[in-house]
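When we follow full-length UniProt numbering, the leftmost residue of the sequence shown carries the number 1, and every step to the right adds one. Glycine residues also receive a C-beta, built at the ideal position from the N, C-alpha and C atoms. Since the structure is predicted, the reported quantities are computational estimates derived from the model, not experimental observations. Working notes, structure below.
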Amino acid sequence: TAPLSTGLLMVFAFLMGSVMAGLVGLYSVAARLYPTQIRNTGVGWAIGVGRWGAVFGPAAAGWMIAAELDRWTYFLVLGAAPAVLAAFAVGFIKLRTE
1 TAPLSTGLLM
11 VFAFLMGSVM
21 AGLVGLYSVA
31 ARLYPTQIRN
41 TGVGWAIGVG
51 RWGAVFGPAA
61 AGWMIAAELD
71 RWTYFLVLGA
81 APAVLAAFAV
91 GFIKLRTE
């Protein structure tokens, strides 16, 4: 495999920082989406699911590297599949009008 250039590495580091900052911002969005009676439970579940991904995402990557799968499989499992699931989940959000 060819080594990554420094510029490309900096672009990916910036993108990952942006994603991580955006995820922190989603806590306030989640608090607004849940009704007051179940807000703590809803936000707690959202944070818990994020922690689950933080634990099992690297494990899945390690398994795929050990299995010597191709790069498209990495993309599909760690990139496209979660994006499709998230898009599907957004369809279930019912926004409240105040």
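Whose C-alpha, out of Leu-9, Ala-30, Ala-66 and Arg-71, is nearest the C-alpha of Ala-46? Comparing Cα positions, the closest option is Ala-30.
By the 10 Å Cβ neighbour count, where 16 or more other Cβ atoms means buried, how is Val-43 classified, buried or exposed? Around the C-beta of Val-43, 16 or more other C-beta atoms lie within 10 Å, and the residue is accordingly described as buried.
Stretch pair the segment 7 to 23 + the segment 31 to 38: three plus CB contacts closer than 8 angstroms: Short answer: they don't touch.
Quick one: measure Cβ to Cβ for Ala-67 and Leu-78, integer angstroms, because I've assumed they're closer than 8 angstroms. In this structure Ala-67 is not in contact with Leu-78, their Cβ atoms being roughly 13 angstroms apart against a cut-off of 8 angstroms.
Is Phe-75 helix, strand or coil by DSSP? Helix.
How many angstroms separate the CA atom of Ala-86 from the CA atom of Leu-26? Going from the Cα of Ala-86 to the Cα of Leu-26 covers about 13 angstroms.
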